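**Q** Next up is a structure, given as structure tokens.
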Amino acid sequence: MSVSRSQMPDLLRLRMRVTWRTYTATFTARMESLLFIPAVLLTAHGIQMMLVVVLNFALDPHVHFRSLSISLVMLMHVSLLMLFAGWSIVPALGFRTNEAIDLRRLQLLPIRFPALYTAASLGFAGDLSTVLPLSFCVGVGRFLFGTMQVTAGWEKTPENYGLLGLILLLFLALLLQGSMLTVQLFQTLLPKVDLTRILMLFFVGFLVFVVALNMQVIEYPDGTTLFDELYIDRYNVLPTGPLALAIHELALNNTPLVWRFLGQGALWVLGLAALNAGLMWMAWSGTFLGVENVLNLERLGLADVSRGSRKGAQGWPMWVRHPILVVAYKDFCNLLRNRHFFFYKTLPGLLAPTTILLAGKYNLNLLRDQYDLQTWFIPLYLGLALFIFVTQANLFVANYFGFEREEISALLTSPVKRHHLIQGKSLFFFVILIPDMLLIASLSLMLLPHPVVGHWLVAFGFLFSIAIILLSLGNMSSVLLPYFTPLDRPVITLQGAILVGLANTATLVLTALLMIPATLLIAGPWFLWDSPGWYALTLPVWVLWLTAIGWGFTAWAGRLMPDYEEWIQLRVRGVL
Amino acid sequence: MIVTSVWPNGGDNGLMSAVLTDLPHHLRLTAPPTPEDLLAYPIILTSLMRRFGDFIAVSSIDLAVPKGAFLGFLGPNGAGKSTTINMIIGLLKPSKGTIYVHGQALAAAPLACKAALGVIPEDLALYDRLTAREQIDFTGRMFGIEPELVAQRAAELIALLELDPGKYVGDLSLGMRKKVALASALVHDPPVLVLDEPFNGIDAVSSRLIKSILRSLTQRGTTIILTTHVMEQIEALCDHVAVIDHGRILVSDTMVGFRGAMSARGYDDMEHAFVALLGRDEPEKGLSWIGGDG
């Protein structure tokens, strides 16, 4: 057969039409779409804030680079920002572009690669779920403009806004193409490499190295003096810090220090990349680019049969009798043997929050003696830390409870009371989550020695312990719905979405309300004494963010319903 | 139990496509089931209906499956088979009507009804990272069987079905997975089995073994509902048959009665009879570019 004309317009039309119908096919669908928009916007706002705060304080030109010209500082600043943002966003965006255009199906068609590539690049724009990663760009824009104002004296003129818009557009285009290329390169160049294992081993080694550095088991020549000069207590966790210092030393012709900082920056980049590998690849899960496909992880996992089988062949211990224990033991066996779940869900869910807390710690130390910012920065930091931790933990919760997909019928056709099913699932979950929570709380307390911060951390540990339990319960209510309304509710109905959303929001508001007296009780005197106004202002922000998370996860968790895909198909076909 | 002979007449809602009328022995209860009916018919559906929004997937089904029957439940894609099965096994709540399983109403005593059912769902619903032995252990214990007894039955099932007890379920072929699902469905010795396409992907040797097991089960009184698209399997195994289309039972009868009725109308083989019953017994069509009539 022959194909004589370009299929790209058809591809774009197809993609847009399917997307449009998904969001507008029925009244329910339209209402869900409307509900999703504020969730996306509010969550995007949180991401922007996070980006702006983290980047601003990681790399402040007035502190670090007094010897350089302001234009050079700005150039370096912006370049590093782009590097950091690109590093953060490219994997997620790459997945989104590939998923949105459904390359698996399109690659079966006799379409030339450029047409496929371009259609994939452009066609994703109609997919609402791609908006979320792009909110990073908005954060970048805000930060860029702020930087220009500070360093180059830019004014808020229409021309400058236009120029900024163009820069961002160019940046977005570059990210998009970079993302596509990354995905293609992964597929082409690394089809057999067990990169996950390599990176995870590297990360463990690197973690040991960093601990040794901080415990002064390993001496870092000349580092202490330099760091003292730069008001850096220890080693900056963000990759931009060491890289910026390397450039700074390059400008001063201190070649040996350039290499040291470059090496340190590279280590941080690789360490964090390793840590985030699970998160990045989680996004590709289920596609032909998923780790299980690209790296043959599933096959590797199954090769463990010889080890697991001898014990597994003998069956379960006799004490596993009660249905709660049977369900929990089933999850214990089924999930802990699952490398896919471990790498994609468990490990990122357990470790990523710790990394963020560490990053916050180093940034806080960086700033603590330089600015009179503690009064508002500390609560903001705590808010951010809470935001990130809760987000990660809830992803973990939702992933775990959503793990039952078609298998859920095995549970629901058994003559076991529903509350026993849920108690069994919860038992295993809390066995994993509670030690993680304690670990992170302990790390936070140990690694944030500043007196005020230490004082605050007592409150923080207490607060997020409350928060995580309540929020987890709230989000569990979202993903537990299938256990109460199995195939009977093949839809996230408007009514259902509102009910779940309200239940979630109520839990979140309850969390916020509990936080007020607890905070006042433990840390309130410090605030009342110092700057009560800022504290009062931060509370609504917390509530707003948490509510946004609640709505966002409500919508997201709905996608884990066992028959969601079937329902989508029915809805697109106009049956429902 | 009152057996009536009410034949499909083309339907009253414009949905039915059957063109054959006056078929003998359309089985259903005409009055609420008596205690004797509940004993004699482990599965009874009365006025069963299920709607999704405005779409009616199952419309007023009446069906009574006798004890020890091997019922072939047939229908084209989208006819309502899965919806009906999902309602029987308790995954889907009927919009209207009542389901009795093993003498009890499903809505009133869901756990007791589920305990009486052994199910092989279409997607099998197995846990990939459990071994075959563990999967049987899991099901048996979830059904409240003592672990010691589960262990004893698991050993027998594994030996009979020639399963590798130590292999993860996810590492097994489709046919072996089906056998694990069958073992899980049998371990609690249920009086009613619901099997959704159990022979897909099963090799001839295993298929023969499974058929033999199922036949022996019906001989000792187990009631089996089997859905499949393969007419030969229905002919070889089933002694009862029910055909559903557009959410309505077109005919339910003993296999002997069904064959006799269809034979009298000139349809000697099962596939031909089935297609005719659905009203799709049209002349063969072709594609214009490969030399067909179209």
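So the protein sequences, as listed, match chains A and B.
Numbering-wise, the numbering used here puts 565 at position 551 of the first sequence, and it's gapless, one number per residue.
Numbering-wise, the numbering used here puts 1023 at position 153 of the second sequence, and it's gapless, one number per residue.
C-beta atoms are modelled at their ideal positions from N, C-alpha and C, and glycine is treated no differently.
All values reported here derive from a predicted model rather than from experimental measurement.
(1) Would you mind reading off the limits of the beta strand (DSSP E) that contains V1050 of chain B?
(2) Please confirm whether T1093 of chain B has its beta-carbon closer than 8 Å to some beta-carbon of chain A.
(3) Hey, would you say G438 of chain A sits closer than 8 Å to P337 of chain A, going by beta carbons?
(4) Just checking: is the beta-carbon of M919 of chain B within a distance shorter than 8 Å of some beta-carbon in chain A?
(5) Hey, is the segment 976 to 989 of chain B in contact with the segment 1055 to 1073 of chain B, meaning 3+ C-beta pairs nearer than 8 Å?
(6) Pick out the complete alpha helix (DSSP H) segments inside the segment 1101 to 1152 of chain B, 4 residues or longer, and give them in chain order.
(7) Quick check: what's the CA-CA separation for H1058 of chain B versus V1039 of chain B?
(8) Which one of B:T954, B:T904 and B:L1033 has the shortest CA to CA distance from H1116 of chain B?
(9) Can you give the beta carbon distance from L1120 of chain B to L1107 of chain B, rounded, assuming they're within the 8 Å contact cut?
(10) DSSP three-state label for F925 of chain B, please.
(11) Quick one: using the 10 Å Cβ neighbour count with 16 as the cut-off for buried, is S917 of chain B buried or exposed?
(12) On the criterion of 16 or more Cβ atoms from any shown chain inside 10 Å, does W295 of chain A qualify as buried, or is it exposed?
(13) Applying the criterion that 16 or more other CB atoms from any shown protein chain within 10 Å of the CB defines a buried residue, is E1032 of chain B buried or exposed?
(14) Does the segment 963 to 979 of chain B come within contact of the segment 1017 to 1028 of chain B, defined as at least 3 CB pairs closer than 8 Å?
(15) Would you identify the three-state DSSP class for Q328 of chain A, choosing helix, strand or coil?
(16) Just the chain A side, please: which residues come within less than 7 Å of I959 of chain B by C-beta, in chain order?
(17) What do you get for I1160 of chain B, buried or exposed, if any count of 16 or more other CB atoms within 10 angstroms of its CB means buried?
(18) With DSSP as the reference, label L441 of chain A as helix, strand or coil.
(19) How many Å lie between V928 of chain B and S965 of chain B at the Cα?
(20) Could you check what DSSP says for G1091 of chain B in three-state terms: helix, strand or coil?
(21) By DSSP's criteria, R920 of chain B is part of a beta bridge. Which residues make up the other side?
(22) With a threshold of 7 Å on Cβ separation, who are the neighbours of D998 of chain B within its own chain once the five nearest residues in sequence on each side are excluded?
(23) Is the Cβ-Cβ distance between H1110 of chain B and L941 of chain B less than 8 Å?
(24) Note the first and the last residue of the continuous alpha helix (DSSP H) segment covering D907 of chain B.
(25) Return the bridge partner residues of F1013 of chain B from the DSSP annotation.
(26) For Y1038 of chain B, which three-state DSSP category applies?
(27) Does W273 of chain A come within less than 8 Å of chain B when only Cβ atoms are used?
(28) Does the segment 1081 to 1097 of chain B come into contact with the segment 929 to 940 of chain B, if we say contact requires no fewer than three beta-carbon pairs (one atom in each stretch) closer than 8 Å?
(29) Please indicate yes or no: does the CB of W333 of chain A lie closer than 7 Å to some heavy atom of the ligand NAP?
(30) Check the Cβ-Cβ distances between A327 of chain A and every residue of chain B, and say whether any is below 8 Å.
(31) Considering only the beta carbon of each residue, do G646 of chain A and E1016 of chain B sit closer than 8 Å?
(32) So, do the segment 1042 to 1050 of chain B and the segment 960 to 974 of chain B have three or more beta carbon pairs nearer to each other than 8 Å?
(33) L1157 of chain B by DSSP, collapsed to three states: which one?
(34) Does the CB of A424 of chain A have a neighbour CB from chain B at under 8 Å?
(35) How long is the line joining the alpha carbons of M1101 of chain B and P23 of chain A, rounded to whole angstroms?
(36) Can you check which of these residues, A:H433, A:L426, A:L349 and A:A424, is closest to F599 of chain A by C-alpha distance?
**A** This is what the structure holds:
(1) Per DSSP, V1050 of chain B belongs to no beta strand (DSSP E); it is in the alpha helix (DSSP H), L1044 to L1056.
(2) No - not a single Cβ of chain A is within 8 Å of the one on T1093 of chain B.
(3) One thing to note: G438 of chain A has its Cβ within 8 Å of the Cβ of P337 of chain A.
(4) It does not: the Cβ of M919 of chain B has no partner Cβ on chain A nearer than 8 Å.
(5) Flag = yes, the segment 976 to 989 of chain B and the segment 1055 to 1073 of chain B touch.
(6) You should have 1101 to 1107, 1125 to 1134 and 1140 to 1147.
(7) Their Cα atoms are separated by approximately 20 Å.
(8) Of the listed residues, the one whose Cα sits closest to H1116 of chain B is B:T954.
(9) Actually they are not in contact, since the Cβ atoms of L1120 of chain B and L1107 of chain B sit about 20 Å apart, beyond 8 Å.
(10) Shown here, F925 of chain B sits in a strand according to DSSP, grouped into three states.
(11) When all chains shown are included, S917 of chain B counts as exposed.
(12) Only weak support is given to the placement of W295 of chain A: the predicted model assigns it a pLDDT of 47, under 50, and the question is left unresolved by the model.
(13) By the 10 Å Cβ count, E1032 of chain B comes out exposed.
(14) Touching, no, given that fewer than three Cβ pairs across the two stretches are closer than 8 Å.
(15) Q328 of chain A: coil per DSSP, three-state reduction.
(16) Within chain A, the residues near I959 of chain B are T427.
(17) So I1160 of chain B counts as exposed.
(18) In this structure, DSSP gives L441 of chain A a helical state, which the three-state scheme calls helix.
(19) V928 of chain B and S965 of chain B have their C-alpha atoms spaced approximately 9 Å apart.
(20) Three-state result, G1091 of chain B: coil.
(21) Bridge partners of R920 of chain B: B:V928.
(22) Around D998 of chain B: Y1038, V1039 and G1040.
(23) Cβ atoms of H1110 of chain B and L941 of chain B: closer than 8 Å.
(24) That run of the alpha helix (DSSP H) goes P905 to A910.
(25) In the DSSP secondary-structure assignment, F1013 of chain B is not bridged to any residue.
(26) If DSSP states are grouped into helix, strand and coil, Y1038 of chain B belongs with the strands.
(27) Using beta-carbon distances, W273 of chain A does not count as an interface residue toward chain B, since no partner is under 8 Å.
(28) Contact between the segment 1081 to 1097 of chain B and the segment 929 to 940 of chain B is present, because at least three Cβ pairs lie under 8 Å.
(29) Because no ligand of any kind appears in the structure shown, any question about the ligand NAP cannot be addressed here.
(30) Yes - at least one Cβ of chain B is within 8 Å of the one on A327 of chain A.
(31) The first residue shown for chain A is 15 and the last is 590, placing residue 646 of chain A beyond what the model contains.
(32) Not touching, per the Cβ criterion.
(33) Three-state result, L1157 of chain B: coil.
(34) For A424 of chain A, the answer is yes, since a Cβ of chain B falls inside 8 Å of its Cβ.
(35) Here the alpha carbon of M1101 of chain B sits roughly 45 Å from the alpha carbon of P23 of chain A.
(36) Past the boundaries of the shown model lies residue 599 of chain A; chain A is included only from 15 to 590, so the question cannot be answered.
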